[in-house]
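Novice: First residue of the sequence shown? That's 7 in my numbering, and the numbers climb one at a time after it.
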Amino acid sequence: MSWLHYAAYFFGGLFAANSIPHIVSGTTGRAFQSPFARPPGKGLSSATVNVLWGAFNLAVAYGLILHVGAFDLRNGAQAAAAAAGALVICLHAARHFGQFHGGNSPSG
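#1: Just to confirm before moving on: does the CB-CB distance between V57 and I26 stay below 8 Å?
#2: Take the Cβ of G1 as the centre, count every other Cβ of all protein chains shown within 10 Å, and call the residue buried at 16 or more, exposed below.
#3: S40 by DSSP, collapsed to three states: which one?
#4: With 16 other CB atoms within 10 Å as the buried threshold, where does G114 fall?
#5: Excluding the 5 residues preceding and the 5 following S40 in the sequence, name in chain order all residues of the same chain whose CB lies nearer than 7 Å to its CB.
#6: According to DSSP, is S52 part of a helix, a strand, or is it coil?
#7: Can you give the Cα-Cα distance for N63 and L79, rounded to whole angstroms?
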């Protein structure tokens with residue numbers, strides 16, 4: 007299997023995990039940061055924009071994971087590549103959005 011397949015699974019996991027906070031915030035009617043806010047990534051976007059952005063992220067994840075190579079969730083290396091992408095974006099989001107929502111401790 008090509009390293010490009012693993013890169014696609016990594017980014018697929020990243021996009022899949024990134025869809026979660028946007029879809030959840032949007033479906034609960036809350037504004038949340040998005041690339042379309044002013045300033046981008048810091049200002050708030052409407053619930054509708056977040057649902058659409060989350061759906062777009064989910065569609066990209068679907069394409070990268072299920073239409074590149076032959077992804078098999080039982081294949082540890084393939085699953086680890088997708089999980090690593092998800093972990094990277096989750097850690098980034100925790101640090102970035104924690105500053106706006108009180109999630110970063112003074113020592114962290």
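From the three backbone atoms N, C-alpha and C, an ideal C-beta is built for every residue, glycine too.
Specialist: Let's see:
#1: Locating residue 57 in the sequence shown gives position 51, where the first residue counts as 1. Locating residue 26 in the sequence shown gives position 20, where the first residue counts as 1. Contact: no.
#2: Residue 1 is absent from the model: the chain starts at 7 and stops at 114.
#3: Along the sequence shown, one-based indexing puts residue 40 at 34. DSSP places S40 outside both helix and strand once states are collapsed to three, so it counts as coil.
#4: In the sequence shown, counting from the first residue as 1, residue 114 sits at position 108. Residue placement at G114 is flagged as unreliable, the pLDDT there being 48, under the threshold of 50; a coordinate-derived value is accordingly withheld.
#5: Counting from one through the sequence shown, the residue named residue 40 turns up at place 34. Counting only Cβ-Cβ distances below 7 Å, and skipping sequence neighbours, we find H28, S51, V55, N56, W59.
#6: Residue mapping note: residue 52 aligns to position 46 of the sequence shown, counting from 1. Three-state DSSP puts S52 in coil, outside helix and strand.
#7: For the purposes of this step, residue 63 is taken as the residue at position 57 of the sequence shown. For the purposes of this step, residue 79 is taken as the residue at position 73 of the sequence shown. Counting only the Cα atoms, L79 lies some 20 Å from N63.
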